[in-house]
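A.B. asks: 1 is the number of the first residue of the sequence shown in UniProt numbering; add one for each residue after it.
We put the CB at the ideal spot given by N, CA and C, even for glycine.
My structure is below; once you've seen it, I'll send some questions.
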Amino acid sequence: MAKKKAASGSPTNALVIVESPAKAKTIGKYLGKGYTVEASVGHVRDLPQGAKQIPAKYKGEPWANLGVNVEDNFAPIYVVSPGKTKQIKLLKDQLKKADTLYLATDEDREGEAISWHLLELLKPKVPVHRLVFHEITKDAIQAALAEPREVDEGLVRAQETRRILDRLYGYEVSPLLWRKVRPKLSAGRVQSVAVRLIVERERDRMAFVSATWWDLIGTFAKSDGQKLEAGIVSVDGRKIPSGSNFDPHTGLLKNADMLLLDGPASAALAEKLRSGEFTVSKVEEKPYTTKPYAPFTTSTLQQEANRKLGFTARRTMGAAQSLYENGHITYMRTDSTNLAKVAVEDARNLVASEYGDNYLPSEPRTYTGKVKNAQEAHEAIRPAGHPFPLLSDLKSTLNSDEFKIFELVWKRTVASQMENARGRRIVVTIEGGGCVFQVSGKTIDFPGYLRAYVEGSDDPDAELADQEKSLPSVVEGEKLSCVEMLNKDHTTQPPSRFSEAALTKALEEKGIGRPSTYASIIDTIQARNYVFKKGGALVPTWVAFSVIKLLEDHLGGLVDYQFTAEMEDDLDAISRGEKQYLDYLKNFYFGNGKPGLKKQLENKIDDIDPRSVSRIKIGEADGDEVFVRVGKFSPFVEKGERKASLPEELPPDEVKLEYALELLLQAAKADEPLGTCPETGKPIYLKTGRFGPYIQRGTMEDDEKPKNASLLKGMSVDDVDLALALRLLSLPRDLGVHPKLEKNMVVQNGRFGPYVKCGDETRSLPAEVSPLDVTVEQAIELLNQPKARGRGRGAAKPPIKEFDESPITGTKVQLLEGRYGPYVTDGETNASLPKGADPNELDFNEALNLLAARAAAGGSKKKTTKKAAKKKATKKAAKKKTTTKKATKKK
1 MAKKKAASGS PTNALVIVES PAKAKTIGKY LGKGYTVEAS VGHVRDLPQG
51 AKQIPAKYKG EPWANLGVNV EDNFAPIYVV SPGKTKQIKL LKDQLKKADT
101 LYLATDEDRE GEAISWHLLE LLKPKVPVHR LVFHEITKDA IQAALAEPRE
151 VDEGLVRAQE TRRILDRLYG YEVSPLLWRK VRPKLSAGRV QSVAVRLIVE
201 RERDRMAFVS ATWWDLIGTF AKSDGQKLEA GIVSVDGRKI PSGSNFDPHT
251 GLLKNADMLL LDGPASAALA EKLRSGEFTV SKVEEKPYTT KPYAPFTTST
301 LQQEANRKLG FTARRTMGAA QSLYENGHIT YMRTDSTNLA KVAVEDARNL
351 VASEYGDNYL PSEPRTYTGK VKNAQEAHEA IRPAGHPFPL LSDLKSTLNS
401 DEFKIFELVW KRTVASQMEN ARGRRIVVTI EGGGCVFQVS GKTIDFPGYL
451 RAYVEGSDDP DAELADQEKS LPSVVEGEKL SCVEMLNKDH TTQPPSRFSE
501 AALTKALEEK GIGRPSTYAS IIDTIQARNY VFKKGGALVP TWVAFSVIKL
551 LEDHLGGLVD YQFTAEMEDD LDAISRGEKQ YLDYLKNFYF GNGKPGLKKQ
601 LENKIDDIDP RSVSRIKIGE ADGDEVFVRV GKFSPFVEKG ERKASLPEEL
651 PPDEVKLEYA LELLLQAAKA DEPLGTCPET GKPIYLKTGR FGPYIQRGTM
701 EDDEKPKNAS LLKGMSVDDV DLALALRLLS LPRDLGVHPK LEKNMVVQNG
751 RFGPYVKCGD ETRSLPAEVS PLDVTVEQAI ELLNQPKARG RGRGAAKPPI
801 KEFDESPITG TKVQLLEGRY GPYVTDGETN ASLPKGADPN ELDFNEALNL
851 LAARAAAGGS KKKTTKKAAK KKATKKAAKK KTTTKKATKK K
């Protein structure tokens, strides 16, 4: 990597470009006079997103929709990113005044690519230096200025190759999904493999057969009254099984020699043993030692924040990004567990001062990671600066999310330089009546690093710490009395679904993708309706099943785990100059001995039967196969010619054969009317749709569209008879004229619940008042009350979040709650959050990108007042009149 000598003397006016306004603000504090720091606000150029962005000269080309000229060495078409024109103009104007340009973007592939794109756009005529630093502190910035380098072509080529690769994969495969599964789906090099992992886990859950076994828990007492509980492990030499001893596909014991107790047998054994004599046959004591965990990488930080704090990967990276840009932690996109020498010294000093010398090892601890590519940061995530700040120093200056992440990083870093934890494990064996019981305890003799940090667990039901468990002191040969003997049943559990932490760990272990991209991947698979969350678990939809079935059956190599992992290795090799990017792209797209992507996709439109890939078999009944079918709008159950809708977010493993048959039976009943409407003579049905049960009057064969009515909150299908169905269909109800407002009062069931309306006035009904029973007096009383919320009434809701000033408008960017959901605004433009996005996870850069994209699309400007609009219209009209007069005179 070529270094550049620092320019002699200080520049009189250097322009420094970083990615984000927050980072620019922090760096500006350390540079002072002679430096102007501006932000690119993320990427400034990219491949075109859709036909509108493709330059006119390329529109007739057969490859134009890809944005990559596959016929000419995969030359990419780069266009200015939406909403970035003003920012680029600002940078160009600032560059005209500068005598030096410093590119200080992040030190990974994406950051290197941003620097390269800036050079391509700005075309500087002044000296250019690339600044790289691992933390935004005064010392780090000064060190970077002293040793600048040039833009690393290897990293740029690797990023460009990755971008082109993802474009070819996504844009070539996605249309196949649109044609064969459902519109608006997408395929991706990493996202499709992530979805496959989640679908495979759900398949295992669907195939799982549970098993039940019984065991005994005995409570034993010493002569002095001290008690201990122990579980039975064997009876007459035959071992009692545990969950792992059962086959998950059959529910049968793997080893027939084990003793499988049922309820009556375990109860009889418990009764027999209650009066028996018991002796301590063995007491084993084994010392143990555990070592501290390595400092955080991107992946382990995301996993731990998910386990301990319940943060999504997006929320974790948003807080970490803010901490980095404000100079509180080192660069947060890294695969390394190494710490700089000065950081090790700082951590060791804190161990001595905060915990004592006995917690400090004689020698510094070193950790080695798997970093092998030049594009990654070569240090773990740790507190920035020298010396490290104390937690108490920053608590009042950071927001809640930032402090929680900083606390994790601080404690993990300090703990990594602490002594081992030491203790003893004690196992007590108790015998009596031909049975053997065991209990284990744990004593911590020296907590070591556990004083500072205890790692979370991947199992959401497990405790965060392996807690100390004390046992009363017993000796071999000691007699114990049985105080209580309980029989207890257990049921084997299917493999748990992936949490975000578990998915992140699985992807990293398989070498798939980059940890820095996992947050966006998890966002994407949720936004594309491949996955939804249930608690903290990622549950695949039936659409995901259908897509993965298509890819596995017809394009298996594209979702092969090893193939995808090797792609990451190849990109790393390109970044190091060990492979040629052009050869790699040619092999991927056109093939080299094996068919490339283009060849694999040939004739797939004709070869793939959409009916086949959209059907997932769940069993057989009465000689017919029963399927779940992915329809155009929603999934449904299918058996021969019979069909029944499935609720959208019902986990696939809950759609057992019995449940599917019950739905088909209900659907058949729905074809039989509850009765006839006395007013219209039309049949009344109780039906089940994608959003649940509803009432329908009439059929599609009638002259007009059937009238539907949803069940009210709390109602069950068992509650519905003809009388109730008619009452539901009576909504909206006319309650008569309001005495003061002099308009009709109407009560109805709306999208957000039942409400009463009178002219422009609306009021929600209290939970205890049904729209079927609300009286005239209750409606009048509700309408007479002031409206709690609404346009022009009451105080405006406070912002969900408030960010720094927009570099475009100069006003603070805010995240607000709107009528149709959360949105961001910079005072001029409003932009809604993407579907499924968590408002708590939105950071400043993402907000700016949403606003830029919305502005570029000609979108949602803040509404002007009627007065301002009228004034503007008057001015426009006056101008038009003057122009007409001049034109007449000239004529």
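Nearest to residue 618 by alpha carbon, out of 46, 194 and 208?
C.D. replies: Your numbering for residue 618 matches position 618 in the sequence shown. Minimum Cα distance to residue 618 is reached at 208.
A.B. asks: Could you pull out every residue in the same chain whose Cβ sits closer than 6 Å to the Cβ of residue 892, ignoring the five residues on either side in sequence?
C.D. replies: In this structure the chain extends from 1 to 891, so residue 892 is not present and cannot be described.
A.B. asks: With DSSP collapsed to three states, give me the class of residue 487.
C.D. replies: Sequence index remark: in the sequence shown, residue 487 carries index 487 (1-based). The answer is strand: DSSP assigns residue 487 an E or B state.
A.B. asks: Any idea if residue 240 is buried or exposed, counting beta-carbon neighbours within 10 angstroms, 16 or more meaning buried?
C.D. replies: Here residue 240 refers to the residue found at position 240 when the sequence shown is read from its first residue. Under this definition residue 240 is a buried residue.
A.B. asks: For the candidate residues 572, 765, 401 and 772, whose alpha-carbon lies nearest to that of residue 801?
C.D. replies: As a position in the sequence shown, residue 801 is number 801, starting the count at 1. Nearest of 572, 765, 401 and 772 to residue 801, Cα basis: 401.
A.B. asks: Using a threshold of 7 Å, state whether the C-beta atoms of residue 487 and residue 448 are closer than that.
C.D. replies: Translated into positions along the sequence shown, residue 487 becomes position 487. Translated into positions along the sequence shown, residue 448 becomes position 448. No, Cβ-Cβ distance for residue 487 and residue 448 is not below 7 Å.
A.B. asks: With a threshold of 16 other CB atoms inside 10 Å of the CB of residue 700, please say whether the residue is buried or exposed.
C.D. replies: Position 700 of the sequence shown, counted from the first residue, corresponds to residue 700. Under this definition residue 700 is an exposed residue.
A.B. asks: Helix, strand or coil for residue 18 per DSSP?
C.D. replies: Within the sequence shown, the letter at position 18 stands for residue 18. Strand at residue 18.
A.B. asks: If we call anything under 7 Å between Cβ atoms a contact, is residue 499 one with residue 536?
C.D. replies: The residue labelled residue 499 in the question sits at position 499 within the sequence shown. The residue labelled residue 536 in the question sits at position 536 within the sequence shown. In contact: residue 499 and residue 536 (Cβ atoms closer than 7 Å).
A.B. asks: For the candidate residues 383, 429 and 427, whose alpha-carbon lies nearest to that of residue 412?
C.D. replies: Your numbering for residue 412 matches position 412 in the sequence shown. Among 383, 429 and 427, the Cα nearest to that of residue 412 is on 383.
A.B. asks: For residue 633, count the other beta carbons within 10 Å of its own beta carbon; 16 or more makes it buried, fewer makes it exposed. Which is it?
C.D. replies: By 1-based counting over the sequence shown, the position of residue 633 is 633. Exposed, since its Cβ has fewer than 16 Cβ neighbours within 10 Å.
A.B. asks: Cα-Cα, which of 194, 501 and 126 is closest to residue 547?
C.D. replies: Against the sequence shown, residue 547 aligns to sequence position 547. Of the listed residues, the one whose Cα sits closest to residue 547 is 194.
A.B. asks: Tell me whether the stretch 315-332 and the stretch 836-854 touch, counting them as touching only if at least three CB pairs, one residue from each stretch, are closer than 8 Å.
C.D. replies: Contact between the stretch 315-332 and the stretch 836-854 is present, because at least three Cβ pairs lie under 8 Å.
A.B. asks: Based on the DSSP output, what are the partners of residue 639 in its beta bridges?
C.D. replies: What you label residue 639 is simply residue 639 of the sequence shown in a count that begins at 1. In DSSP, residue 639 forms a bridge with 626 and 642.
A.B. asks: Cβ of residue 513 within 7 Å of Cβ of residue 190?
C.D. replies: In the sequence shown, counting from the first residue as 1, residue 513 sits at position 513. In the sequence shown, counting from the first residue as 1, residue 190 sits at position 190. Yes; because the gap between Cβ atoms is below 7 Å, this pair is in contact.
A.B. asks: DSSP beta-bridge partners for residue 378?
C.D. replies: Here residue 378 is taken as the residue at index 378 of the sequence shown, counted from 1. DSSP lists no partner for residue 378.
A.B. asks: DSSP three-state label for residue 798, please.
C.D. replies: For the purposes of this step, residue 798 is taken as the residue at position 798 of the sequence shown. Of the three classes helix, strand and coil, the one that applies to residue 798 here is coil, per DSSP.
A.B. asks: Distance, Cα to Cα, residue 260 vs residue 181?
C.D. replies: Position 260 of the sequence shown, counted from the start, is the residue given in the question as residue 260. Position 181 of the sequence shown, counted from the start, is the residue given in the question as residue 181. Using only the alpha carbons, I get a separation of about 47 Å.
A.B. asks: Using three-state DSSP, classify residue 512 as helix, strand or coil.
C.D. replies: Taking the sequence shown and counting its residues from 1, the one referred to as residue 512 is at position 512. The answer is coil: DSSP assigns residue 512 none of H, G, I, E or B.
A.B. asks: To which residues of the same chain is residue 517 closer than 8 Å at the C-beta, ignoring the five residues directly before and after it?
C.D. replies: Counting from 1 along the sequence shown, the entry for residue 517 is found at position 517. Once the five neighbours on either side are set aside, the close Cβ partners of residue 517 are 190.
A.B. asks: Report all residues from its chain with a CB closer than 6 Å to the CB of residue 347; omit the five preceding and five following residues, and keep chain order.
C.D. replies: As a first step, residue 347 is located in the sequence shown; it is residue number 347 there, counting from the start. These residues qualify, in order along the chain: 413, 414 and 417.
A.B. asks: Return the CA-CA distance between residue 106 and residue 549, expressed in angstroms with no decimal places.
C.D. replies: To locate residue 106, count along the sequence shown from 1; it is residue 106. To locate residue 549, count along the sequence shown from 1; it is residue 549. So the two alpha carbons sit approximately 39 Å from each other.
A.B. asks: Looking only at its own chain, which residues have a Cβ that is under 8 Å from the Cβ of residue 639, when we skip the five neighbours before and after it?
C.D. replies: Here the question's residue 639 lines up with position 639 in the sequence shown. 621, 624, 625, 626, 627, 660, 661 and 664, listed in sequence order.
A.B. asks: Can you tell which of 61, 807 and 172 has its C-alpha closest to the C-alpha of residue 551?
C.D. replies: If you number the sequence shown from 1, residue 551 lands on position 551. Measuring from the Cα of residue 551, the nearest candidate turns out to be 172.
A.B. asks: For residue 144, which residues from the same chain have a beta carbon less than 8 Å from its beta carbon, with the 5 sequence-adjacent residues on both sides left out?
C.D. replies: Counting from one through the sequence shown, the residue named residue 144 turns up at place 144. Result list for residue 144: 104, 131, 132 and 133, in chain order.
A.B. asks: Would DSSP call residue 530 helix, strand or coil?
C.D. replies: Residue mapping note: residue 530 aligns to position 530 of the sequence shown, counting from 1. Here residue 530 sits in coil by DSSP.
A.B. asks: When we look at the beta-carbon of residue 798 and count the other beta-carbons within 10 Å, is it buried (16 or more) or exposed?
C.D. replies: On the sequence shown, residue 798 is found 798 positions in, with the first residue counted as 1. So residue 798 counts as exposed.
A.B. asks: Does DSSP put residue 536 in a helix, a strand or coil?
C.D. replies: Translated into the one-based positions of the sequence shown, residue 536 becomes position 536. Reduced to three states, the DSSP call for residue 536 is coil.
A.B. asks: Return the bridge partner residues of residue 129 from the DSSP annotation.
C.D. replies: Along the sequence shown, one-based indexing puts residue 129 at 129. In DSSP, residue 129 forms a bridge with 102.
A.B. asks: Would you call the CB atoms of residue 650 and residue 636 closer than 7 Å?
C.D. replies: Within the sequence shown, residue 650 is the residue found at index 650, counting from 1. Within the sequence shown, residue 636 is the residue found at index 636, counting from 1. Going by C-beta atoms, residue 650 is not nearer than 7 Å to residue 636.
A.B. asks: May I have the straight-line CA-CA distance separating residue 534 from residue 667, to the nearest angstrom?
C.D. replies: Counting from 1 along the sequence shown, the entry for residue 534 is found at position 534. Counting from 1 along the sequence shown, the entry for residue 667 is found at position 667. Each residue's Cα considered, the two are about 27 Å apart.
A.B. asks: Excluding sequence positions up to five away, which residues of its chain have a Cβ less than 7 Å from the Cβ of residue 86?
C.D. replies: Here residue 86 refers to the residue found at position 86 when the sequence shown is read from its first residue. Result list for residue 86: 808, in chain order.
A.B. asks: Could you spell out the range, first to last residue, of the beta strand (DSSP E) harbouring residue 612?
C.D. replies: As a first step, residue 612 is located in the sequence shown; it is residue number 612 there, counting from the start. Careful: residue 612 lies outside any beta strand (DSSP E), inside the alpha helix (DSSP H) at 610-613.
A.B. asks: Is the beta carbon of residue 834 less than 7 Å from the beta carbon of residue 519?
C.D. replies: As a working note, residue 834 is residue 834 in the sequence shown. As a working note, residue 519 is residue 519 in the sequence shown. Not in contact: residue 834 and residue 519 (Cβ atoms no closer than 7 Å).
A.B. asks: Pull up the distance between the alpha-carbon of residue 310 and that of residue 523, whole angstroms please.
C.D. replies: Within the sequence shown, residue 310 is the residue found at index 310, counting from 1. Within the sequence shown, residue 523 is the residue found at index 523, counting from 1. Cα-Cα distance, rounded: 16 Å.
A.B. asks: How would you write the range of the alpha helix (DSSP H) that residue 300 sits in, first residue to last?
C.D. replies: Residue numbering aside, residue 300 sits at position 300 when the sequence shown is read from its first letter. Residues 298-309.
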